[in-house]
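Q:
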Amino acid sequence: MQASYNMLWPSDHFWDEVYNVTRRLPDQLPLFEESSLPSGEIPAPHFLEINERELASLAVALGAREIPGWSDQEEKLAKTALPVKAVHVEVLRRYILAGRDPLGAIFSHIRVPEKRRENGATFTPWPIVNAMFDWATLQLSPSRVTDPGVGSGRYLLRAARYFPHASLIGVELDPLCAMMARANLAVVGKSKTAEIVLGDYRAVKFPPISGKTLYIGNPPYVRHHLIEPKWKEWLSRESRALGLNASQLAGLHVHFILSTILHAKSQDYGAFITAAEWLDVNYGSLVRELFLGPLGGKRIVVVEPTAHPFPDAETTAAITYFEIGSKAKSVRLKRVQNVAQLKDHNGNRIVRRERLESERRWSHLTHTTPAMPEGFIELGELCRVHRGQVTGANRVWIAGPHAEHLPPSVLFATVTKARELFGAGKRLEDSSSLRSVIDLPIDLDAFESDERRAINKFLQFARNQGADQCYVATNRKAWWSVGLREPAPILATYMARRPPAFVRNVANARHINIAHGLYPREVLSERVLNGIVNYLSGTAPMRFGRTYCGGLTKFEPREMERLPIPSPHILAC
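Numbering of the sequence shown is given in this note's numbering, commencing with residue 1058 and proceeding in unit increments.
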């Protein structure tokens, strides 16, 4: 056995070379002085033939048993341990003291990504770990640091340096990873203040403490089809207890975010890096509601795949910062293309809470906007922009001779052509020149007999025109009910070979999908509404829209919301 074991290890010559590098390192380097460290982690190609049994042997030799919480599963692995040479242990010890994770690097090479993804075992690159702790140090120092999916212990290793007086707790399902985390913590002298719990984060219980807990880490990303039914039921049950709904398509990281809320107390805080898809997908609505609710979201940094946030996958990541129970009026959003940009705390977009509450997707809000003059904000901070309703068949739903006997209560003066806004100037004061759109209620039983007969006659006309069979009609609650939006205080054109027209809608006209409606997120004075129209009329930067062949520029609602405008106190002057 011993001979076979030695054949799998790198040669003694290799170890001598590595040792000659590491023996010159001091036991504690200044934090993150990367230029002083040996290049990379332990040179991984030399370890491709090492197996998991041998990795467990190294963890035991480095002192894994010294960390409280040692489990039967880990002891079973430890009993198979093989002898290791003192020089090997010393080399690894010096790498760990120098701020590296050689055990995690070895593990990532001997257990292939496809296998590790089953348990969500993807270790966070050091620069991202460092950036997350940079934020944590701006808060009050925690009494405890908890990593819900500790892996090899990278976050707790950094916590040991940033918060030397805090107790450390890591939770892990994989006994080999737990052993690596223990070994790392034992090397840095945390046998009395650290604990590793082998178990499921959703089920463990943490003892109460008087101070704050920092929750920080990389919750495992496991797809929903690998999650046991009992835990899907758990997610639904605990979400309902908070008055929220959970999708059974949610991945494991969503479970961990919810579990953190259940573990934490008010003013605990944290930072998690996860896949960014929750910002937009339907199952992510639970995370978005938690972020704005009990999680107390404060900041989101989207990390593009170019920064390699997850070394084994080209995936966009989101670093979510939170303080339990807080309710920030505005949230800081940022998007970075490389790790260096994580160190720059500038370039945040300040997005009001009301805007996040009204949006179904958030990733577009993280894109940077050109620098704005002092005192300016984005239009979307004041107003939601909605395209007008699609009728599905204008020839039927825009009133003409076929609608002459319909009751006036179902006829609404409506802007149906862009030129009506261009011709109105800055104020639409009279709707008498506008055509009407027929908008019937879903329930037709409220109409008296004469009105109902006129409506039935119109509906038969609409059927003969095929209005009940078009895609839009078949996807409405009732095919005959167009569902016009309430009048928007400001109307805007959105597609032309000239800047959009912005018009104060004093006439309270409705609009269909040839225009956008601007709906204030809060009550705005007449002076501010007029100020928005006056500022944007003819001056809206065309670069915010999409220009097509022939010079036609189109503004989607989210693009129009990015237009810069003076803040309300300036507009009111």
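Glycine included, each C-beta is placed from N, C-alpha and C at the ideal position.
Predicted, not measured: the structure shown is a model, and the values here were computed from it.
Taking only three categories from DSSP, how would you classify Ser1493?
A: Here residue 1493 is taken as the residue at index 436 of the sequence shown, counted from 1. Correct three-state label for Ser1493: strand.
Q: Given that a residue counts as buried once 16 or more other Cβ atoms are within 10 Å of its Cβ, and exposed if not, what is Glu1285?
A: Within the sequence shown, residue 1285 is the residue found at index 228, counting from 1. Exposed, by the Cβ-count rule.
Q: In the DSSP assignment, what residue or residues form a beta bridge with Gly1327?
A: As a first step, residue 1327 is located in the sequence shown; it is residue number 270 there, counting from the start. Partner(s): Tyr1272, Phe1379.
Q: Roughly how many angstroms lie between the CA atoms of Ile1589 and Ser1489, to the nearest whole one?
A: Translated into positions along the sequence shown, residue 1589 becomes position 532. Translated into positions along the sequence shown, residue 1489 becomes position 432. Going by the C-alpha atoms only, they are around 25 Å apart.
Q: Can you tell me which of Arg1345, Pro1125, Leu1343, Leu1439 puts its alpha carbon nearest to the alpha carbon of Leu1620?
A: For the purposes of this step, residue 1620 is taken as the residue at position 563 of the sequence shown. Minimum Cα distance to Leu1620 is reached at Leu1439.
Q: Quick check on DSSP: helix, strand or coil for Lys1289?
A: Reading the sequence shown from its first residue, position 232 is the one you call residue 1289. Note: Lys1289 maps to helix in three-state DSSP.
Q: So, is Ala1524 buried or exposed, given that buried needs 16 or more other C-beta atoms within 10 angstroms?
A: Within the sequence shown, the letter at position 467 stands for residue 1524. Ala1524 should be labelled buried.
Q: Only counting the same chain, and skipping five residues up and downstream in sequence, which positions put a Cβ closer than 8 Å to that of Thr1331?
A: The residue you call residue 1331 lines up with position 274 of the sequence shown. Around Thr1331: Asn1275, Pro1276, Tyr1278, His1310, Ile1314, Ala1374, Ala1375, Thr1377.
Q: Please name the residue or residues paired with Ser1506 in a DSSP beta bridge.
A: Within the sequence shown, the letter at position 449 stands for residue 1506. According to DSSP, which records beta bridges pairwise, Ser1506 is partnered with nothing at all.
Q: Given that a residue counts as buried once 16 or more other Cβ atoms are within 10 Å of its Cβ, and exposed if not, what is Gln1517?
A: Indexing the sequence shown from 1 puts residue 1517 at position 460. Counting Cβ neighbours within 10 Å, Gln1517 comes out exposed, since fewer than 16 surround it.
Q: Which of the three DSSP states, helix, strand or coil, is assigned to Ala1260?
A: Translated into positions along the sequence shown, residue 1260 becomes position 203. Coil, per DSSP.
Q: Name the one or two DSSP bridge partners that Arg1201 has.
A: Numbered from its first residue, the sequence shown carries residue 1201 at position 144. Partner(s): Ser1224, Thr1270.
Q: Suppose the cutoff is 8 Å on Cβ atoms and the five residues either side in sequence are ignored; what does the same chain contact list for Gln1085 look like?
A: The residue given as residue 1085 occupies position 28 in the sequence shown. With a pLDDT of only 40 at Gln1085, under the threshold of 50, the placement of this residue in the model should not be trusted; the figure read from the coordinates follows. These residues qualify, in order along the chain: Leu1154.
Q: Is Leu1292 closer than 8 Å to His1312 when the C-beta atoms are compared?
A: Sequence index remark: in the sequence shown, residue 1312 carries index 255 (1-based). Sequence index remark: in the sequence shown, residue 1292 carries index 235 (1-based). Contact flag set, yes.
Q: Just to confirm before moving on: does the CB-CB distance between Glu1229 and Gly1246 stay below 8 Å?
A: Counting from one through the sequence shown, the residue named residue 1229 turns up at place 172. Counting from one through the sequence shown, the residue named residue 1246 turns up at place 189. Taking 8 Å as the Cβ cut-off, Glu1229 and Gly1246 do not qualify as a contacting pair.
Q: Below 7 Å CB to CB, which residues in the same chain sit around Val1202 once its five sequence neighbours on both sides are set aside?
A: Here residue 1202 refers to the residue found at position 145 when the sequence shown is read from its first residue. Hits under 7 Å: Leu1213, Ala1216, Phe1220, Ala1223, Leu1225, Leu1271, Ile1273.
Q: How big is the Cα-Cα spacing for Asn1570 and Tyr1340?
A: Position 513 of the sequence shown, counting from 1, holds the residue named residue 1570. Position 283 of the sequence shown, counting from 1, holds the residue named residue 1340. Their backbone Cα atoms lie some 29 Å apart in a straight line.
Q: Across the segment 1495-1515 and the segment 1453-1472, are there enough close Cβ pairs to call them in contact, namely three or more that are closer than 8 Å?
A: Yes, they touch.
Q: Quick one: Cα of Leu1082 to Cα of Thr1181, how far?
A: By 1-based counting over the sequence shown, the position of residue 1082 is 25. By 1-based counting over the sequence shown, the position of residue 1181 is 124. Only weak support is given to the placement of Leu1082: the predicted model assigns it a pLDDT of 44, under 50, and the question is left unresolved by the model.
Q: Does DSSP classify His1421 as helix, strand or coil?
A: Within the sequence shown, residue 1421 is the residue found at index 364, counting from 1. Helix.
Q: Beta strand (DSSP E) containing Cys1440: first to last residue?
A: Along the sequence shown, read from residue 1 onward, the residue named residue 1440 stands at position 383. Looking at the DSSP string, the run of the beta strand (DSSP E) that includes Cys1440 is 1440-1444.
Q: Do you know how far the Cα of Leu1139 is from the Cα of Ala1235?
A: For the purposes of this step, residue 1235 is taken as residue 178 along the sequence shown, with counting starting at 1. For the purposes of this step, residue 1139 is taken as residue 82 along the sequence shown, with counting starting at 1. So the alpha carbons of these two residues sit roughly 18 Å apart.
Q: State the CB to CB distance for the pair Leu1233 and Leu1115, rounded to an integer number of angstroms; the pair is presumed to be in contact (CB under 8 Å).
A: In the sequence shown, counting from the first residue as 1, residue 1233 sits at position 176. In the sequence shown, counting from the first residue as 1, residue 1115 sits at position 58. That belief does not hold up - the Cβ atoms of Leu1233 and Leu1115 are roughly 11 Å apart, past 8 Å.
Q: DSSP three-state call for Pro1366: helix, strand or coil?
A: As a working note, residue 1366 is residue 309 in the sequence shown. Looking at Pro1366 - three-state DSSP - the assignment turns out to be coil, as it is neither helix nor strand.
Q: So, for Cys1606: in the same chain, excluding its five sequence neighbours on each side, which residues have a beta-carbon less than 7 Å away from its beta-carbon?
A: Mapped onto the sequence shown, residue 1606 falls at position 549. Annotation note: pLDDT 48 at Cys1606 (below 50); position unreliable, no value reported.
Q: Exposed or buried, Asn1532, counting other C-beta atoms within 10 Å across all chains shown (16 or more means buried)?
A: As a first step, residue 1532 is located in the sequence shown; it is residue number 475 there, counting from the start. With fewer than 16 Cβ atoms within 10 Å of its Cβ, Asn1532 is classed as exposed.
Q: If we ignore side chains and look at the alpha-carbon of each, how far apart do Val1254 and Gly1161 end up?
A: As a working mapping, residue 1254 is identified with position 197 in the sequence shown. As a working mapping, residue 1161 is identified with position 104 in the sequence shown. Distance between the alpha carbons of Val1254 and Gly1161 is about 18 Å.
Q: Find out if the Cβ-Cβ distance for the pair Arg1211, Val1186 is shorter than 8 Å.
A: Position 154 of the sequence shown, counted from the first residue, corresponds to residue 1211. Position 129 of the sequence shown, counted from the first residue, corresponds to residue 1186. Their beta carbons are under 8 Å apart, which means Arg1211 touches Val1186 by this criterion.
Q: Taking the straight line between their C-alpha atoms, what separation do you get for Ala1328 and Met1189?
A: Stepping through the sequence shown from its first residue, residue 1328 is reached at position 271. Stepping through the sequence shown from its first residue, residue 1189 is reached at position 132. Computed Cα separation, rounded: 6 Å.
Q: Report yes or no: do the segment 1475-1490 and the segment 1547-1554 share at least 3 C-beta pairs separated by less than 8 Å?
A: Result yes; three or more Cβ-Cβ pairs closer than 8 Å.
Q: Using only the alpha-carbon positions, how far apart do Glu1098 and Ile1434 sit?
A: The residue given as residue 1098 occupies position 41 in the sequence shown. The residue given as residue 1434 occupies position 377 in the sequence shown. With a pLDDT of 46 at Glu1098, under the threshold of 50, the predicted position of this residue should be treated as unreliable, though the coordinate-derived value follows. Going from the Cα of Glu1098 to the Cα of Ile1434 covers about 45 Å.
Q: Please tell me whether Arg1567 and Leu1586 are closer than 8 Å, where the distance is taken between their beta carbons.
A: Counted from its first residue, the sequence shown places residue 1567 at position 510. Counted from its first residue, the sequence shown places residue 1586 at position 529. Their beta carbons are not under 8 Å apart, which means Arg1567 does not touch Leu1586 by this criterion.
Q: Given this structure, state the Cα-to-Cα distance separating Asp1337 from Glu1508, to the nearest angstrom.
A: Residue numbering aside, residue 1337 sits at position 280 when the sequence shown is read from its first letter. Residue numbering aside, residue 1508 sits at position 451 when the sequence shown is read from its first letter. Roughly 45 Å separates the two Cα atoms.
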